[in-house]
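*Asks:*
Protein chains: 2
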Amino acid sequence: MTKTFDDLLAKVAACSTKKVAVAVAQDDAVLEAVAEAKKRGIAEAVLVGDEAKIKEVAASINMDLSDYEIINVEDTYEAALTAVKLVHDGKADMYMKGLIDTKSFLKSVLDKEVGLRTDKTLSHVCIFDIEGHDGLLFLSDVAFIPYPDLEAKANIIRNTVEIAHACGIECPKVAPLAAVEVVNPKMPVTVDAAELTKMNEEGKITGCIVDGPLSYDLAIDSEAAKHKGATDRKIVGDADILLFPDIHAGNITYKALVHNAKVTNGNILTGTKAPVILTSRSDDFETKVNSIAVGAVVAEAMNKQ
Amino acid sequence: MTKTFDDLLAKVAACSTKKVAVAVAQDDAVLEAVAEAKKRGIAEAVLVGDEAKIKEVAASINMDLSDYEIINVEDTYEAALTAVKLVHDGKADMYMKGLIDTKSFLKSVLDKEVGLRTDKTLSHVCIFDIEGHDGLLFLSDVAFIPYPDLEAKANIIRNTVEIAHACGIECPKVAPLAAVEVVNPKMPVTVDAAELTKMNEEGKITGCIVDGPLSYDLAIDSEAAKHKGATDRKIVGDADILLFPDIHAGNITYKALVHNAKVTNGNILTGTKAPVILTSRSDDFETKVNSIAVGAVVAEAMNKQ
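Chains as they are written, first to last, in the working numbering: chain H, 94 to 398; chain B, 94 to 398.
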């Protein structure tokens, strides 16, 4: 059972060596993360971008490039297409954003010929190991889908359940969060949460147990659930996946945890043919390295399908 | 300058002794908090409710009632009206919920004859001292107003600014939060945030500096603000007040901080003639005591007006 981020890293160590294709690799923070991932045996990398600039940036951070494959493509978007095609063609296992704006990067992800498009909804998943909390927590969507409707929420759950399975959580418990734990017709979020629970019961969302609406404390704290007498629920403080009502609730909570709690976390974009690592400039070094580790575990699970 | 919850408690010590009127006081958790508040010199209490039951509950927690004024009113709602009238008539300084459902308690707060109704919007404010964060944070609204529109958001800010002033923050910085820090017409939350900023500039929201939309990291972490190059904003990680887009975002964030970070916090309901303490069954002992302390500080400031 995967309970901590260290357990997840142990899973990476048991995988075959993965390779990350970096789009527009001349970015110091991304190169540092890639170098650390290689050093720790998490993943190898192929660096696509302006070779002269990549060498310049690598020199500035004392990074030895002799063990890296570099593909010289000076144009930014061409570099992205070249990098994503490596993943599309199975020559690399995951795709990572370098010095390219998010919009162009996503365009390359969705390219019909060489991209990683599927018929699934793209969504963002972050995996938290929070000090004092027993078990990993998978949060979605805190960064990508602004205002998911019911079907989008169902798809976010399906995507996140796949990631949880890949991480070794066999039947994750999914809590659609709200401010309250009872359905209130004046709060559409609670109606959606109940509907998602019903879809799970009817077999429309599988591989997991959904129980919502739930407040955050009832979802993650069994003592709080007992104190509130909410012990007849399917989730009693033991949720694995937290579904957020919208991007504001998700993003604010995500950042409150990152900035005010003691956490280890990694984030990926999913719903694609292969894991996509879309770290933000505000993510710290460890989060970037951890995100590559999550990508490796997910790539291993996808390869086995 | 009030920077920590201890600073706030020092302010209480400098106030004249306050009295809390407890509605339907036969509740063990509420009596324990009231006893502790008295022991620490935070506030005296007058206990309104079923005297026999109050004595029974007090005995069960080894609480000595000899120093307390008890007013025997057996009927629940009549007890609430009696307690709130004490505050209305200036015989007590704040009003606290005991063993009565929230709806009936609020009905007594809003009673036209003996209640604490004003022409202001009622809103909930919680005050956090978070380990590792410099300065108190005032969060609103995480518990009371489900989906505030622009005018309700302006009123929430006005109420919260008053509380911040009472706590010794002279010109609080107010961050209307969103997932992003730029206005996006597809995200109404960001449009409202910009409008609130404009209302502040035009003198429609006073006694504070409003700057939104802001993401949580830019609001509370100056390093993150510098890293993202957002140093030309009026708020650069130094927000005092965090305005949430809706109750879901507020409540989930509140509970994530309470359960996963190291915090000291107290909560009150405001927009009333006197502070109202509406603790939840999920609030722990210290939060209940701290909420009485916040009430005392706010009552002191209201008395001086």
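Don't be surprised by glycine CBs; every beta carbon is placed ideally from N, CA and C.
1. Give me the DSSP bridge partner(s) of aspartate 222 of chain H.
2. Please report the Cβ distance between threonine 357 of chain H and aspartate 157 of chain H, rounded to the nearest whole angstrom; I am assuming they are in contact, meaning their Cβ atoms lie under 8 Å.
3. With 8 Å as the threshold, decide whether the Cβ of proline 239 of chain H is near any Cβ in chain B.
4. What does aspartate 310 of chain B reach in chain H if we use C-beta pairs closer than 8 Å?
5. Using 10 angstroms around the beta-carbon of serine 308 of chain H, count the other beta-carbons present and answer buried if the total reaches 16, otherwise exposed.
6. Give a yes or no on whether 8 Å exceeds the smallest Cβ distance from valine 282 of chain B to chain H.
7. In or out: leucine 232 of chain B buried (at least 16 other Cβ within 10 Å) or exposed?
8. Would you say leucine 270 of chain B faces chain H, with C-beta separation under 8 Å as the test?
9. Using a Cβ-Cβ cutoff of less than 7 Å, which residues in the same chain neighbour serine 384 of chain H once the five nearest sequence positions on both sides are dropped?
10. When you compare the stretch 226-241 of chain H with the stretch 181-190 of chain H, are there three or more beta-carbon pairs, one atom per stretch, that lie closer than 8 Å?
11. Would proline 265 of chain B pass as a contact of alanine 257 of chain B if the rule is Cβ separation under 8 Å?
12. In chain B, which residues lie less than 8 Å from alanine 317 of chain H when you measure between Cβ atoms?
13. If you run the structure through DSSP and keep just helix, strand and coil, what is tyrosine 188 of chain H?
14. Do leucine 335 of chain B and leucine 230 of chain B count as a contact pair if the criterion is CB distance below 8 Å?
15. For my contact list, valine 276 of chain B and valine 284 of chain B are in at a C-beta cut-off of 8 Å; report their separation, rounded to the angstrom.
16. Is there a Cβ of chain B sitting closer than 8 Å to that of lysine 266 of chain H, yes or no?
17. Tell me the DSSP secondary structure of glycine 142 of chain H in three-state form.
18. Measure the CB-CB distance between alanine 342 of chain B and isoleucine 298 of chain H and report whether it falls below 8 Å.
19. Taking just the CA atoms, how far does valine 267 of chain H sit from aspartate 194 of chain B?
20. Which residue marks the beginning of the beta strand (DSSP E) containing leucine 270 of chain H, and which one marks its end?
21. Just verifying my parser: in three-state terms, what is the DSSP assignment at lysine 112 of chain B?
22. Buried or exposed, going by whether 16 or more other CB atoms sit within 10 Å of the CB of isoleucine 154 of chain B?
23. Where does isoleucine 328 of chain B fall in DSSP's three states?
24. Going by C-alpha distance, which of H:Tyr240, H:Val139 and H:Ala271 is nearest serine 159 of chain H?
25. Please classify lysine 196 of chain B: is it buried, with 16 or more other beta-carbons within 10 angstroms of its beta-carbon, or exposed?
26. Comparing C-alpha positions only, which one of B:His320, B:Leu311 and B:Pro281 sits nearest to valine 329 of chain B?
27. Assuming threonine 211 of chain B contacts glycine 388 of chain B under a Cβ cut-off of 8 Å, what Cβ separation, rounded to an integer in Å, is found between them?
28. Under 8 Å, with one C-beta from each stretch per pair, do the stretch 171-181 of chain B and the stretch 136-151 of chain B reach the 3-pair mark?
29. State the Cα-Cα distance for the pair valine 218 of chain H and valine 235 of chain H, rounded to the nearest angstrom.
30. Which class does leucine 336 of chain B belong to by DSSP, given the choice of helix, strand or coil?
31. What are the residues in the stretch 94-115 of chain H lying within 7 Å of chain B by C-beta distance?
32. Shorter than 8 Å from the beta carbon of glycine 225 of chain H to some beta carbon of chain B?
33. What are the start and end residues of the beta strand (DSSP E) that includes asparagine 155 of chain H?
34. Who are the near neighbours of alanine 245 of chain B in its chain, counting only those whose CB is closer than 7 Å to its CB and skipping five residues on each side?
35. Would you say histidine 217 of chain H reaches chain B, if we count a Cβ-Cβ gap shorter than 8 Å as a contact?
*Replies:* Quick answer:
1. If you number the first sequence from 1, residue 222 of chain H lands on position 129. Aspartate 222 of chain H is bridged to H:Thr357.
2. Locating residue 357 of chain H in the first sequence gives position 264, where the first residue counts as 1. Locating residue 157 of chain H in the first sequence gives position 64, where the first residue counts as 1. So it is not a contact: roughly 27 Å between Cβ atoms.
3. The residue you call residue 239 of chain H lines up with position 146 of the first sequence. For proline 239 of chain H, a Cβ of chain B is located within less than 8 Å of the residue's own Cβ.
4. One-based indexing of the second sequence puts residue 310 of chain B at position 217. Those within 8 Å of aspartate 310 of chain B in chain H are Lys348, Val351, His352 and Ser375.
5. The residue given as residue 308 of chain H occupies position 215 in the first sequence. Flag for serine 308 of chain H reads buried.
6. In the second sequence, residue 282 of chain B corresponds to position 189, counting from 1. Closer than 8 Å to some Cβ of chain H, the Cβ of valine 282 of chain B qualifies, so yes.
7. The sequence position of residue 232 of chain B within the second sequence is 139, counting from 1. So leucine 232 of chain B ends up on the buried side.
8. Locating residue 270 of chain B in the second sequence gives position 177, counting from the first residue. Answer yes: the Cβ-Cβ gap between leucine 270 of chain B and chain H drops below 8 Å somewhere.
9. Taking the first sequence and counting its residues from 1, one reaches residue 384 of chain H at position 291. Within the same chain, Gly359, Asn360, Ile361, Ile370 and Thr372 come within 7 Å of serine 384 of chain H by CB-CB distance, once the 5 residues on both sides are set aside.
10. The stretch 226-241 of chain H, when compared against the stretch 181-190 of chain H, does not touch it at the 8 Å Cβ threshold.
11. For the purposes of this step, residue 265 of chain B is identified with residue 172 of the second sequence, where counting begins at 1. For the purposes of this step, residue 257 of chain B is identified with residue 164 of the second sequence, where counting begins at 1. Contact check for proline 265 of chain B against alanine 257 of chain B passes: the beta carbons are separated by less than 8 Å.
12. Looking up residue 317 of chain H in the first sequence gives position 224. Those are His352 and Ser375, listed as they occur along chain B.
13. Counting from 1 along the first sequence, the entry for residue 188 of chain H is found at position 95. The DSSP-derived three-state label of tyrosine 188 of chain H is strand.
14. Start at 1 with the first residue of the second sequence, and residue 230 of chain B comes out as number 137. Start at 1 with the first residue of the second sequence, and residue 335 of chain B comes out as number 242. Yes, the Cβ-Cβ distance between leucine 230 of chain B and leucine 335 of chain B is below 8 Å.
15. Residue 276 of chain B sits at position 183 when you count from the first residue of the second sequence. Residue 284 of chain B sits at position 191 when you count from the first residue of the second sequence. Contact annotation, valine 276 of chain B with valine 284 of chain B: C-beta distance approximately 6 Å; criterion of less than 8 Å satisfied.
16. Numbered from its first residue, the first sequence carries residue 266 of chain H at position 173. Not closer than 8 Å to any Cβ of chain B, the Cβ of lysine 266 of chain H fails to qualify, so no.
17. Along the first sequence, one-based indexing puts residue 142 of chain H at 49. Three-state result, glycine 142 of chain H: strand.
18. For this step, residue 342 of chain B is matched to residue 249 along the second sequence. For this step, residue 298 of chain H is matched to residue 205 along the first sequence. With contacts defined as CB atoms closer than 8 Å, alanine 342 of chain B and isoleucine 298 of chain H fail to qualify as a contacting pair.
19. Here residue 194 of chain B corresponds to residue number 101 of the second sequence, with the count starting at 1. Here residue 267 of chain H corresponds to residue number 174 of the first sequence, with the count starting at 1. Approximately 30 Å between the Cα atoms of the pair.
20. If you number the first sequence from 1, residue 270 of chain H lands on position 177. In the DSSP annotation of this structure, leucine 270 of chain H is not part of any beta strand (DSSP E), being labelled neither H nor E.
21. Reading the second sequence from its first residue, position 19 is the one you call residue 112 of chain B. Lysine 112 of chain B falls in the strand class under three-state DSSP.
22. Position 61 of the second sequence, counted from the start, is the residue given in the question as residue 154 of chain B. Burial call: exposed.
23. Here residue 328 of chain B refers to the residue found at position 235 of the second sequence. Residue state, collapsed to three classes: coil.
24. Against the first sequence, residue 159 of chain H aligns to sequence position 66. When only C-alpha atoms are compared, the closest one is H:Val139.
25. Reading the second sequence from its first residue, position 103 is the one you call residue 196 of chain B. Lysine 196 of chain B should be labelled exposed.
26. By 1-based counting over the second sequence, the position of residue 329 of chain B is 236. Per the Cα distances, B:Leu311.
27. Counting from 1 along the second sequence, the entry for residue 211 of chain B is found at position 118. Counting from 1 along the second sequence, the entry for residue 388 of chain B is found at position 295. Not really, about 16 Å apart at Cβ, beyond 8 Å.
28. Contact between the stretch 171-181 of chain B and the stretch 136-151 of chain B is present: 3 or more CB-CB pairs across the two stretches fall below 8 Å.
29. Counting from one through the first sequence, the residue named residue 218 of chain H turns up at place 125. Counting from one through the first sequence, the residue named residue 235 of chain H turns up at place 142. Straight-line Cα distance between these residues: approximately 8 Å.
30. Here residue 336 of chain B is taken as the residue at index 243 of the second sequence, counted from 1. Leucine 336 of chain B: strand per DSSP, three-state reduction.
31. Under the 7 Å Cβ criterion, the stretch 94-115 of chain H contributes no residue.
32. Sequence index remark: in the first sequence, residue 225 of chain H carries index 132 (1-based). It does: the Cβ of glycine 225 of chain H has a partner Cβ on chain B nearer than 8 Å.
33. Here residue 155 of chain H refers to the residue found at position 62 when the first sequence is read from its first residue. Note, asparagine 155 of chain H: premise wrong, no beta strand (DSSP E); not H, not E.
34. Here the question's residue 245 of chain B lines up with position 152 in the second sequence. Around alanine 245 of chain B: Thr214 and Ile238.
35. Counting from one through the first sequence, the residue named residue 217 of chain H turns up at place 124. False, the Cβ-Cβ gap to chain B never drops below 8 Å.
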